[in-house]
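Undergrad:
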Ligand SMILES: CC(C)(COP(=O)(O)OP(=O)(O)OC[C@H]1O[C@@H](n2cnc3c(N)ncnc32)[C@H](O)[C@@H]1OP(=O)(O)O)[C@@H](O)C(=O)NCCC(=O)NCCS
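Numbering (our numbering), first residue to last: 7 to 180.
1. Quick check: the Cα distance between residue 89 and residue 142, rounded to an integer number of angstroms?
2. From which residue to which residue does the alpha helix (DSSP H) around residue 68 run?
3. From 162, 85, 119, 126, pick the residue whose C-alpha is nearest to that of residue 106; which is it?
4. Let me check you understand the geometry: is the CB of residue 166 closer than 7 angstroms to at least one non-hydrogen atom of ligand 1?
5. Following the continuous alpha helix (DSSP H) through residue 91, name the residue where it begins and the one where it ends.
6. Just verifying my parser: in three-state terms, what is the DSSP assignment at residue 103?
7. Whole-angstrom Cβ separation of residue 136 and residue 91, contact assumed at under 8 angstroms?
8. Between which two residues does the beta strand (DSSP E) harbouring residue 144 extend?
9. Express the C-alpha separation of residue 97 and residue 43 in angstroms, rounding to a whole number.
10. Taking the CB atoms as reference points, tell me whether residue 101 and residue 121 lie closer together than 8 angstroms.
Here you go:
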């Protein structure tokens, strides 16, 4: 649940391994002063559900497609994802990525975002690799994603552009 407005929320100086969430790497990622810790969350990403304001701020500040998402919608988004990977630095959420998957045939990566001041240091790669190696995504025979201007980044991770099919979208008013 989203904490009540004004309720004290203690930022995870080391994010809690709650539920089936687990640190991805034994050692923190060395990125300048301080360090970045990756958490791969299971179906119930409690550590993030209590940090929806931070998630909202990360999307608002560092993405162009995921701005102005409400906390309620973000909560449903997290609960509807098969895997979520979060990156933390000194208690601050500095990176995110998530995936949906049927666990056999198809998985899709969504919303990979790294805070601007940490971009270009390998954190995005670590987040995508953690998503790809999660059980729900590694079991899928194909992994899809859509990107507007980061295809070069995903190409570095083994993704190839596919020209044989067309992307169709049903837009809905919200
Ligand atoms: C795209 C994004 C997630 C990449 O994360 P990052 O931490 O900066 O990337 P990394 O440092 O891990 O880069 C990994 C590799 O990809 C390359 N790369 C990173 N961004 C790239 C881009 N936009 N185009 C081409 N190559 C890119 C890096 O040079 C690096 O190459 P290397 O293998 O030679 O070392 C990050 O820039 C970001 O959050 N951007 C804003 C939000 C966004 O557009 N997300 C993508 C949504 S689909």
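Virtual Cβ for every residue (Gly too), placed ideally from N, Cα, C.
TA: Reading it off the structure:
1. 7 angstroms
2. 58-68
3. 85
4. No; taking the cut-off as 7 angstroms, the Cβ of residue 166 has no heavy atom of ligand 1 nearer than that.
5. It is not in any alpha helix (DSSP H) - residue 91 instead sits in the beta strand (DSSP E) that spans 89-95.
6. Secondary structure of residue 103 (DSSP, three-state): strand.
7. 4 angstroms
8. Per DSSP, residue 144 belongs to no beta strand (DSSP E); it is in the alpha helix (DSSP H), 141-144.
9. 10 angstroms
10. yes
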